[in-house]
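Please read the structure below before turning to the comments.
Protein chains: 2
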Amino acid sequence: MATIKDIAAKLGISSGTVSKGLNGASDISEPMRQAVLHAAVELGYKPKNIVNKASKKVCIFVQNMNYESIDQFGYEIIYGFEQEALSKGFQVTVISANLNMQTKESFDTYMLRHGYPGAFLLDFELHDDYVTQMHTTKVPTVLLNNHVPGNPHVGYVGTDNYEGLKDITSHLHELGHRNIAFLNGTKNSMITQKKLDAFYYAMKEKKIPIRDKLVAFGHYNIDCAQEFVPDFVRNGATAIICASDFIASGVIKVLHSMGLRVPEDVSVTGYDDLPIARFLSPALTTIRQNRTDLGKSAFLLLDALMNGIAISRIELCPQFIARDSAAQVKTLGK
Amino acid sequence: MATIKDIAAKLGISSGTVSKGLNGASDISEPMRQAVLHAAVELGYKPKNIVNKASKKVCIFVQNMNYESIDQFGYEIIYGFEQEALSKGFQVTVISANLNMQTKESFDTYMLRHGYPGAFLLDFELHDDYVTQMHTTKVPTVLLNNHVPGNPHVGYVGTDNYEGLKDITSHLHELGHRNIAFLNGTKNSMITQKKLDAFYYAMKEKKIPIRDKLVAFGHYNIDCAQEFVPDFVRNGATAIICASDFIASGVIKVLHSMGLRVPEDVSVTGYDDLPIARFLSPALTTIRQNRTDLGKSAFLLLDALMNGIAISRIELCPQFIARDSAAQVKTLGK
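Here the protein sequences line up with chains Z and H, keeping their order. Just so we're aligned: 565 in the working numbering is position 223 of the first sequence, and the numbers increase by one with no gaps anywhere. Just so we're aligned: 512 in the working numbering is position 170 of the second sequence, and the numbers increase by one with no gaps anywhere.
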């Protein structure tokens with residue numbers, strides 16, 4: 343383990359200056375402070391309060407996710423994380439990690455400068471700076487729905503997508519559907535790839551043919567439906583599986599605007615079971631991700647990583663919620 | 343939640359008799375006691391000390407696994423589980439679950455009768471009674487390397503096999519091997535299937551052709567090698583990936599008995615990194631499963647399930663251990 347002396351020796355400066363740099367003192371220059379932090383990260387220096395596990399504070403970085411009100415995806419995740427953290431005596435700070443912040447300073451430097459022994463990263467995309475740094479970071483970190491294999495300091499928490507897609511596909515299969523479309527989320531995301539794999543797996547298990555024209559990448563929002571739904575319908579889709587409830591809400595809107603009924607003409611399913619799901623018309627058949635438990639599990643995982651237990655992933659059991667947006671396939675000629 | 347009165351009403355007996363049946367009193371008949379327990383399980387009755395989380399004892403069922411000495415697979419797993427459990431104030435009992443015991447009494451009845459709020463099942467095979475009952479049990483239970491999807495009370499802990507097989511395959515690929523055989527474990531096991539999937543995935547990623555003649559199911563012991571290794575060699579295998587260190591030790595023995603050198607003629611890799619791995623000649627290149635952390639994670643998972651957090655799985659990060667049993671592929675003509 344590197345010491346303050348090692349950092350001083352590396353930079354050819356005094357230990358006092360190193361301490362000032364690490365402690366954010368105002369009487370050294372900003373370039374010197376950055377040089378100290380940079381060397382400290384490079385040498386794997388850890389402050390005493392982190393080594394002794396006396397630092398009882400962790401942080402959550404949020405990006406591209408709304409979490410301020412209870413109907414938003416992130417709200418309960420953060421609530422569950424905080425609940426579990428507080429029960430173990432940890433303080434939690436939520437930080438908005440915009441791209442600018444990520445470019446300015448490396449993740450490890452930020453964590454060292456603020457004395458956080460661990461972090462939870464919410465909804466970063468594969469090309470973000472922080473996510474790229476996850477391959478090499480030595481700071482215990484948990485990612486939501488984003489997997490960085492091979493680094494024992496980084497774990498991922500999510501819901502078992504194989505189970506979720508299997509439940510939905512089985513349901514549609516039982517209802518007689520054989521022309522099933524899949525409107526996935528944003529392409530640059532691990533979770534999108536996992537959902538696609540799970541969709542293929544589930545369709546194969548039920549021996550339903552997969553047709554390329556019925557599979558598309560959209561975005562995790564309501565607006566992407568317009569681009570794909572008319573083609574799906576033209577190509578004979580009788581059911582559309584959506585990778586999120588927001589996508590499904592858009593799909594229902596587009597189908598209605600085309601004069602089609604849901605579920606009489608086309609069945610639609612969601613994913614997440616956001617609070618909006620049951621208020622849609624028709625109420626959405628979907629997969630519930632228990633977001634409070636996701637948050638709690640994220641802290642459990644982070645706590646394990648901070649104690650040197652190299653958990654790679656925790657996946658939760660999803661729950662299939664049958665409502666009104668999927669029904670028996672329309673018999674030909676009716 | 344069912345009460346003692348509900349059980350009494352269902353059976354048409356007094357509450358006093360039900361209490362006696364539940365508490366193992368000696369002055370009621372065995373058939374009556376079984377009837378009480380059976381009805382209690384059916385109605386979902388839970389003793390007060392379990393509902394109030396006052397029962398601070400859990401159990402580990404072991405079958406087909408040696409765990410008495412440190413060089414055996416189960417030893418450190420149980421040690422890690424106990425360590426984590428004790429730190430949370432739980433007592434742990436290790437129970438040998440032979441098939442006879444499983445036939446005599448259902449899992450839920452056993453757990454109710456002994457007042458255990460949760461259990462860890464070590465190394466049961468897919469067709470065992472207890473494993474079959476995992477689809478419907480309401481008792482929080484953790485399985486090692488055995489996944490029962492769809493039951494929110496049951497979770498699974500293991501090592502990420504995709505990572506493990508990817509690391510091994512990449513290593514052999516770098517060493518120039520393109521005729522890679524895979525000697526898997528016992529067929530009736532989820533972990534064997536997972537390893538097979540992971541092997542296919544890893545081979546595809548490296549664009550190495552998979553040849554059916556180079557893939558076989560053996561058993562998780564040293565003796566299965568004789569049946570398959572001569573055929574592998576005849577079919578041109580330059581490297582043999584084994585699903586466990588025990589299998590690998592057998593493979594090395596057979597290769598030696600055929601007059602072949604490891605790794606000069608054929609490379610061999612293991613899985614698990616048991617204590618024997620580094621004593622083999624040559625020392626085994628393998629994948630380490632951190633067994634203490636597996637045990638610790640099993641308790642973390644069980645604790646989460648007992649608190650109503652429906653974690654479906656926890657997977658640990660494996661570690662690739664390069665030793666001497668895999669080397670550069672022999673160039674033709676040498």
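Glycine residues also receive a C-beta, built at the ideal position from the N, C-alpha and C atoms.
Closer than 8 Å at the beta carbon, the chain C residues around residue i
| i | result |
| --- | --- |
| Z/Arg655 | Of the protein chains in this structure, namely Z and H, none is chain C. |
Beta carbon of residue i nearer than 7 Å to that of residue j
| i | j | result |
| --- | --- | --- |
| H/Ala579 | H/Gly612 | no |
| Z/Asn628 | Z/Asp615 | The sequence shown places Thr at residue 628 of chain Z, rather than the Asn named in the question. Cβ atoms of Z/Thr628 and Z/Asp615: closer than 7 Å. |
| H/Thr474 | H/Gln631 | no |
| H/Asp348 | H/Leu385 | yes |
| Z/Gly497 | Z/Val484 | yes |
| Z/Leu514 | Z/Cys584 | no |
| H/Leu507 | H/Leu486 | no |
| H/Pro605 | H/Ala669 | yes |
| Z/Val593 | Z/Val571 | yes |
| H/Phe403 | H/Ala439 | yes |
| Z/Phe462 | Z/Ala640 | yes |
| H/Lys595 | H/Glu426 | no |
| H/Ile346 | H/Val360 | yes |
Per DSSP, cross-strand counterpart(s) of residue i
| i | result |
| --- | --- |
| Z/Cys401 | Z/Thr435 and Z/Ala461 |
| H/Gly500 | H/Glu657 |
| Z/Phe524 | Z/Val557 and Z/Ile583 |
| H/Ser609 | H/Ala581 |
| H/Asp471 | DSSP, once it has assigned bridges, lists no residue as partnering H/Asp471. |
| Z/Ile663 | Z/Thr628 |
| H/Val484 | H/Phe462 and H/Gly497 |
| H/Asp686 | The displayed coordinates of chain H run from 343 to 676. Any statement about residue 686 of chain H would go beyond what the structure contains. |
Spatial distance of residue i from residue j (CA atoms)
| i | j | result |
| --- | --- | --- |
| Z/Phe559 | Z/Asn649 | 39 Å |
| H/Ser667 | H/Val610 | 5 Å |
| H/Ile510 | H/Leu538 | 13 Å |
| Z/Lys430 | H/Gln433 | 21 Å |
| H/Ser356 | H/Ala350 | 6 Å |
| Z/Tyr504 | Z/Tyr543 | 8 Å |
| H/Lys388 | H/Gly460 | 12 Å |
| Z/Ala652 | H/Leu636 | 9 Å |
| Z/Val573 | Z/Ile533 | It should be noted that the sequence gives Asp, not Val, for residue 573 of chain Z. When rounded, the distance between both Cα atoms is 24 Å. |
| Z/Leu454 | Z/Leu428 | 22 Å |
| H/Phe423 | H/Leu643 | 10 Å |
| H/Gly675 | H/His519 | The pLDDT assigned to H/Gly675 is 47, lower than 50, so where the model puts this residue is not dependable; a value taken from the coordinates is nonetheless given after this. Each residue's Cα considered, the two are about 16 Å apart. |
| H/Asn577 | H/Ile522 | 10 Å |
| H/Phe421 | Z/Val499 | Correcting the residue identity first, residue 421 of chain H is Tyr in this sequence and not Phe. Near 26 Å, if we compare the C-alpha coordinates of Z/Val499 and H/Tyr421. |
| H/Ser654 | Z/Ala367 | 47 Å |
| Z/Leu441 | H/Tyr472 | 51 Å |
| H/Thr673 | Z/Gly527 | 47 Å |
| Z/Leu517 | Z/Ala581 | 10 Å |
| Z/Asp554 | H/Gln535 | 28 Å |
| Z/Asp565 | Z/Ile552 | 25 Å |
| H/Thr445 | Z/Ala619 | 45 Å |
| Z/Ser411 | Z/Leu626 | 21 Å |
| H/Met374 | H/Gly354 | 12 Å |
| H/Val393 | H/Val481 | 12 Å |
| H/Thr435 | H/Ala540 | 34 Å |
| Z/Asp470 | Z/Met407 | 14 Å |
| H/Lys362 | Z/Ile656 | 41 Å |
| Z/Ala646 | Z/Arg603 | 49 Å |
| Z/Lys399 | H/Cys659 | 25 Å |
Selection from the options that minimises the alpha carbon distance to residue i
| i | options | result |
| --- | --- | --- |
| Z/Gln661 | H/Gly416, H/Pro494, H/Asn394 and H/Val499 | H/Pro494 |
| H/Ala377 | H/Ser448, H/Glu418, H/Lys549 and H/Met343 | H/Ser448 |
| Z/Leu364 | Z/Ala382, Z/Glu569, Z/Val481 and Z/Cys659 | Z/Ala382 |
| Z/Ala344 | Z/Gly506, Z/Lys390 and Z/Ser368 | Z/Lys390 |
| H/Thr634 | H/Leu353, H/Thr528, H/Glu418 and H/Ile346 | H/Glu418 |
| H/Ser397 | H/Ser586, H/Phe466, H/Pro617 and H/Gly457 | H/Gly457 |
| H/Asp587 | H/Glu426, H/Ser411 and H/Asn563 | H/Asn563 |
| Z/Asn530 | Z/Ala540, Z/Asn488, Z/Glu569 and Z/Met476 | Z/Asn488 |
| H/Pro624 | H/Ala646, H/Asp645 and H/His598 | H/His598 |
| Z/Glu547 | Z/Ala567, Z/Gly354, Z/Ser512 and Z/Val575 | Z/Ser512 |
| H/Met600 | H/Phe621, H/Val575 and H/Leu622 | H/Val575 |
For this session: Give the residues from the segment 613-643 of chain H that approach chain Z closer than 7 Å (Cβ to any Cβ), ordered along the chain.
Result: Asn632, Asp635, Lys638, Ser639 and Leu642
Exercise. What residues in the segment 484-500 of chain Z bring their beta carbon closer than 7 Å to a beta carbon of chain H?
Worked result: Pro491, Gly492 and Pro494
Exercise. Of all the residues that make up the segment 343-368 of chain H, which are near chain Z by a beta-carbon distance shorter than 9 Å?
Worked result: none
Problem set entry | the segment 446-466 of chain H: positions lying closer than 7 Å to chain Z by Cβ | none
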